[in-house]
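This report concerns only the one structure given below.
Protein chains: 4
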Amino acid sequence: MPIPAPNLYPPFNTIRLSHVCLNVSDLAASTKFYSDILGLQVTDANDTHVYLRAMEERGHHCVILQRSAQPGTVEVMGFKTFDEEDLDRAEAFFQSQNRPTQWVERPYQGRTLLTSDNFGIPLEFYHKMDRLEPIHQKYALYRGVKPLRIDHFNVFSPNVDESVAFYSQFGFRVTEYTEDEESKRLWAAWMHRKGGVHDMAFTNGTGPRMHHLAFWVPTPLNIIDLLDLMSTTGYVGNIERGPGRHGISNAFFLYILDPDGHRTEIYCSDYQTVDPDLEPIKWDLQDPQRQTLWGAPAPESWFQHGTRFVGVDTQDSTIAASPIIAP
Amino acid sequence: MPIPAPNLYPPFNTIRLSHVCLNVSDLAASTKFYSDILGLQVTDANDTHVYLRAMEERGHHCVILQRSAQPGTVEVMGFKTFDEEDLDRAEAFFQSQNRPTQWVERPYQGRTLLTSDNFGIPLEFYHKMDRLEPIHQKYALYRGVKPLRIDHFNVFSPNVDESVAFYSQFGFRVTEYTEDEESKRLWAAWMHRKGGVHDMAFTNGTGPRMHHLAFWVPTPLNIIDLLDLMSTTGYVGNIERGPGRHGISNAFFLYILDPDGHRTEIYCSDYQTVDPDLEPIKWDLQDPQRQTLWGAPAPESWFQHGTRFVGVDTQDSTIAASPIIAP
Amino acid sequence: MPIPAPNLYPPFNTIRLSHVCLNVSDLAASTKFYSDILGLQVTDANDTHVYLRAMEERGHHCVILQRSAQPGTVEVMGFKTFDEEDLDRAEAFFQSQNRPTQWVERPYQGRTLLTSDNFGIPLEFYHKMDRLEPIHQKYALYRGVKPLRIDHFNVFSPNVDESVAFYSQFGFRVTEYTEDEESKRLWAAWMHRKGGVHDMAFTNGTGPRMHHLAFWVPTPLNIIDLLDLMSTTGYVGNIERGPGRHGISNAFFLYILDPDGHRTEIYCSDYQTVDPDLEPIKWDLQDPQRQTLWGAPAPESWFQHGTRFVGVDTQDSTIAASPIIAP
Amino acid sequence: MPIPAPNLYPPFNTIRLSHVCLNVSDLAASTKFYSDILGLQVTDANDTHVYLRAMEERGHHCVILQRSAQPGTVEVMGFKTFDEEDLDRAEAFFQSQNRPTQWVERPYQGRTLLTSDNFGIPLEFYHKMDRLEPIHQKYALYRGVKPLRIDHFNVFSPNVDESVAFYSQFGFRVTEYTEDEESKRLWAAWMHRKGGVHDMAFTNGTGPRMHHLAFWVPTPLNIIDLLDLMSTTGYVGNIERGPGRHGISNAFFLYILDPDGHRTEIYCSDYQTVDPDLEPIKWDLQDPQRQTLWGAPAPESWFQHGTRFVGVDTQDSTIAASPIIAP
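Protein sequence lines, in the order shown, are assigned to chains V, G, A and X.
Under the UniProt record's numbering, the first residue of the first sequence carries the number 1, and numbering increases by one thereafter.
Under the UniProt record's numbering, the first residue of the second sequence carries the number 1, and numbering increases by one thereafter.
Under the UniProt record's numbering, the first residue of the third sequence carries the number 1, and numbering increases by one thereafter.
Under the UniProt record's numbering, the first residue of the fourth sequence carries the number 1, and numbering increases by one thereafter.
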């Protein structure tokens, strides 16, 4: 199945990914991980929720830690729309796709539409979020990996072709993709709204499950600093893969796991994709450099482990794993 | 005069700045500067023109060097529109502003509209440009400062309030600005389309003149490499200011001059500005850290020198220079 | 006067510079500067003294802050000898030079010889200092500029030829030097014991006064981090010069002033000088790139300001300042 | 067996490791690897030998490529002595150890003593080598990983205790070591002369064989640049391990293989070890972080593969491999 043409005039305008709500078992342990180690700033905290933002963000939160009886699951992925009316247009779109929709109350957010994608991933859309003072020049606050902003989500999909087709309808555009040369099926795809390589990526596997969320950092040296810090403060076991450079996206990367197993990518070296006529880059599933340009294989866990969306059943992938299994 | 509200639904959709055509005296000397020293890639060259692109760009050119009897002037600044129809909408808009418009032939570009802004800066808009193969992972080609993409233009304006008002009409949004607290006049403003701090910036002074064009590079270490290279290959006199960090934009910067005096900024550490409700950051003209966060003053030349647009008369600024004159 | 040949078999064996004792007015303010901002670790503190070490050092202290009625003066510069007997040999040497010598008690140090050089700079030599646990892999402790070790001293000398001759006698070797082509007098010289560019440097001017002490850091990015931190925590006025690269020594540098005016250099990119037949590199006083490879001039204060050694009279330089005065 | 006390007054004074001669099958292919990819500078070349130096070195060569019928073997490892007389003292020492000695002619070197260590590793000592002009500030010459200097050798030894005892006699000092807690045998040891972590390291295994030679580079970003270059110019298969940080030595590292299988480490983040009373750091063989601070295991080849010294028989290690085999 070929890559669908981008829909340049989508039914509603999504600006970018915005935030994720993660279900965790121990709020203090998770806060320590995301705040002290990773370096996000706490913007609010109570007995059940901790809100955090990255250093250049002015919206109230990009990560919400939620104390839960189902830790290690993802509650919802959030996106920001261009204007208020886009929320109503989004409601109409998801209803037309026979997806459930409802308006929900979210602290620090304006009107928020809760819905889900074709495989049931809970998505919420909002336009207004409380805006905070800039802190990107308060250098005394920087710590950990010095995360600048949330960059993207990556999810396991049991059918990447269908996921790409679904998100293409509302304007997500493919920047790079991996195709199985034999079946001509998509193995993985990277789709964006905000002008970088991706806001949302899909990779073949039992799903839907979150593969990872990602933060953008200034330079590879910040990632090296994080590795040094984690490996000498009791978190060496939370380092899963990297550092390395992906062939796909050309990103310098590191993958780490939080105390409940949610995976985070630390990421730099993205490129700009605002041109509407940007040609997607195609990778062959047989090319091992698409995963790691430098050749080092990813660990098995990286292909198998993900965190489920709370209450959402998963399906096995519809593509049999090829001998060199890889997202 | 307050900052105008951004026009979120502009009459035509400009995606980003795209390229500049610089008039030069010695094509070989300028090519050496932009290609061997700076690190741009030559995509075509003939007796009168040399075309170059940066490492992650797939459009044919971001800089055109044009052999000219009026070296040290700028021929035109180019912008890319979202679609083909935006060109016609742009024509209608500029005509409504009593600006001259004409359709011109440009090698490697599709239909191209030549017009000018309220102070006469020659602008051209196109939608299609020849697309080239990706080279961002051909690491053997990287050299010089490893420029990834053209980032922005900065021009002297005799009336920044009027420049900002003009560009605001077609959707440029202010991200940061400097205000003279006494007169409440704008001293400088940074405006974007593509989701970074700026595509176009205006600074008070005799104008219109180009202050600089800018390239985005991966890390400050690339800028240090360029300084080492220039200072040991006969170009130490072409280093004008930096390295340093601007308060405004938070950019790590270096300013250099080409053989004809055109100024280029090398730039990293931008931030993302896609939110339509992004609040512009205001700086006080009396705050010296807005220019250099670290305190070092800019040299006099940086405030005085610019390169004229060919055939365009300049006007003195309408704001008397304050004691601490500074863009 | 030519550079003296190195004395490869000196009367006693000095391993390296070791520490400095700085007289300060406000122990809390100075501790904040050296510990919180610069990133040294406090190893002991009482009402009158604070001891600090850098991250890879295992000796007890490299900086001693001493509360004093004569703040802004330097108490003494310390050096470590190869063995215990070298102390007695040093005593004999300095006595042979008609320099005063005495054995003094210093906390955390073994037997310590206090003496002074030919212009009266107070020097102390010891062999044993309390050794502390390694902390260079305790990455949670790193902050500020991440200083790894004290690197060198630099002093104003009223007669650099004589200073170089004096230190050459006990084995300091010249790595680079600046000569006034007309008078054939030394303008400045860099001398080492430990195998880097310098342990001690001399520069022409009213002296003896300390020009600066220096710390070695891993990469230029650490220096950029320090600049960002200082300029947003109330220390922008303490930034004096840089960042830049010296022609001499090839060091990437930054100069900052502590609350009492003591100057510190942050330094990286040294080279190895252990070869006994290493040829000193000669620079011409007329070459501005010897100071800053990239061409930017140093501020006037950098040539004029230094901190005196407590109780030591200074003399004017015996070389008339050339038009382009510069150390 | 405990670590022997350092011999601070050795029978002869070795300054540092100096160079290695590698036997290769295809002089052009090896030259391309070491010069174009790695970035060493060719200082002389003929039909049978190519000489190279690193960027801050002023000695004529640090690597000699020798066309050979026994490619993939090492001809000799070279060391520089403090003075000419040290060569005669070295001859006496090695004769006293019943090691063969002879004076050999080496191009560009003065009087050269060829001998071998207790396991037969061919060693040569010289004092004088042709000195070349400094090129460390000729930044246009820098390429590849920007190697600054040869840093150390690492060899497989069938009995590390005996190797350490042998080198200790002539003044090599242990900086870090790994001990098998059960047998109290040394598993690996790092020994230096020049004031860094090592000039020579020993690791348990079939030996003697060269494990690797190493080059010092300025920052981790240079290593990332090399990875990007190698992986896109046909050398992805030559990348063996890394990037990562060793627990031991705290070095940021990368291991690559040349066309004949000789292993090179690219290395930065060393620390200074000139103190004669520096305490060696002990690591437990059971601690996986001693190898990779960040936890990633080394590939099997890294424990097994080495290159033999030409004409020298190897012996199996006298320590049975523990379950977690590792040098």
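Using N, Cα and C, we set each Cβ at its ideal position, and we do this for glycine too.
Taking 8 angstroms as the Cβ-Cβ cut-off, the segment 105-120 of chain X has no residue approaching chain A. With a beta-carbon spacing of about 4 angstroms, residue 197 of chain V and residue 249 of chain V fall inside the 8 angstroms limit used to define contacts. Residue 113 of chain A has its alpha-carbon roughly 6 angstroms from the corresponding atom of residue 102 of chain A. Inclusion of residue 173 of chain A and residue 6 of chain A in the CB contact set at 7 angstroms is warranted, their separation being smaller than that value. At a cut-off of 7 angstroms between beta carbons, residue 137 of chain A contacts chain V. Three or more Cβ pairs closer than 8 angstroms define a contact, and the segment 238-254 of chain X meets that threshold against the segment 277-295 of chain X. Where residue 230 of chain G is concerned, the enclosing alpha helix (DSSP H) starts and stops at 220-231.
Taking C-beta atoms as the reference points, residue 270 of chain A and residue 17 of chain A fail to come closer than 7 angstroms. When Cβ-Cβ separations below 7 angstroms define contact, residue 221 of chain A makes contact with chain V. Not flagged as an interface residue toward chain A: residue 36 of chain V, since no C-beta distance is shorter than 7 angstroms. Taken in chain order, the complete beta strand (DSSP E) segments of 3 or more residues contained in the UniProt domain "VOC" (16-128) of chain V are 41-45, 49-53, 63-67, 74-81, 102-104, 112-116, 122-126. No Cβ-Cβ contact shorter than 7 angstroms links residue 61 of chain V with residue 67 of chain V.
In this model, residue 71 of chain A and residue 243 of chain X are separated by some 47 angstroms (Cα to Cα). Between the C-alpha atoms of residue 125 of chain V and residue 131 of chain V there is a straight-line separation of about 17 angstroms. Residue contact check for residue 207 of chain X against chain A: no CB pair falls below 7 angstroms. Going by C-alpha positions, residue 264 of chain X is about 14 angstroms away from residue 24 of chain X. By the criterion of at least three beta-carbon pairs nearer than 8 angstroms, the segment 72-79 of chain V is not in contact with the segment 39-59 of chain V.
Along the length of the segment 252-301 of chain A, whole beta strand (DSSP E) runs at least 3 residues long occupy 252-257, 263-268, 281-284, reported in chain order. Taking the beta carbon of residue 228 of chain A as reference, the chain V residues within 7 angstroms of it are 139, listed in sequence order. Within the same chain, Cβ atoms closer than 6 angstroms to the Cβ of residue 315 of chain A are found at 158, the five residues on either side in sequence being excluded. Ranked by how close their Cα comes to the Cα of residue 14 of chain X, the residues X:298, X:273, X:26, X:193 have X:193 in first place. With a 10 Å radius around the Cβ and a threshold of 16 neighbouring Cβ atoms, residue 80 of chain X comes out buried. A straight line joining the alpha-carbon of residue 280 of chain A with that of residue 214 of chain A spans about 21 angstroms. Beta-bridge partners of residue 157 of chain A (DSSP): A:204. Excluding residues up to 5 positions away in sequence, 259 lie with their Cβ nearer than 7 angstroms to the Cβ of residue 29 of chain X in the same chain. Here the alpha carbons of residue 43 of chain A and residue 42 of chain V stand approximately 32 angstroms from one another. Residue contact check for residue 184 of chain X against chain A: no CB pair falls below 7 angstroms. Assignment of beta strand (DSSP E) within the segment 131-188 of chain A, counting only whole runs of 3 or more residues, yields 149-157, 173-180 in chain order. When the beta-carbon positions are compared, residue 170 of chain G and residue 118 of chain G stay at least 7 angstroms from each other. A residue is called buried once 16 or more other Cβ atoms fall within 10 Å of its Cβ, and residue 9 of chain X, having fewer, is exposed.
Residue 215 of chain A is bridged by DSSP to A:150, A:266. Note that the segment 296-310 of chain G does not touch the segment 181-192 of chain G; fewer than 3 beta-carbon pairs, one per stretch, sit closer than 8 angstroms.
Residues of the segment 284-314 of chain A whose Cβ lies closer than 8 angstroms to any Cβ of chain G, in chain order: 289, 293, 294, 295, 296.
Using a Cβ-Cβ cut-off of 9 angstroms, residue 150 of chain X is close to nothing in chain A; its nearest Cβ partner there is about 10 angstroms away.
When DSSP reads this structure, residue 14 of chain X sits in a beta bridge with X:81. Chain A has no Cβ within less than 7 angstroms of the Cβ of residue 249 of chain G.
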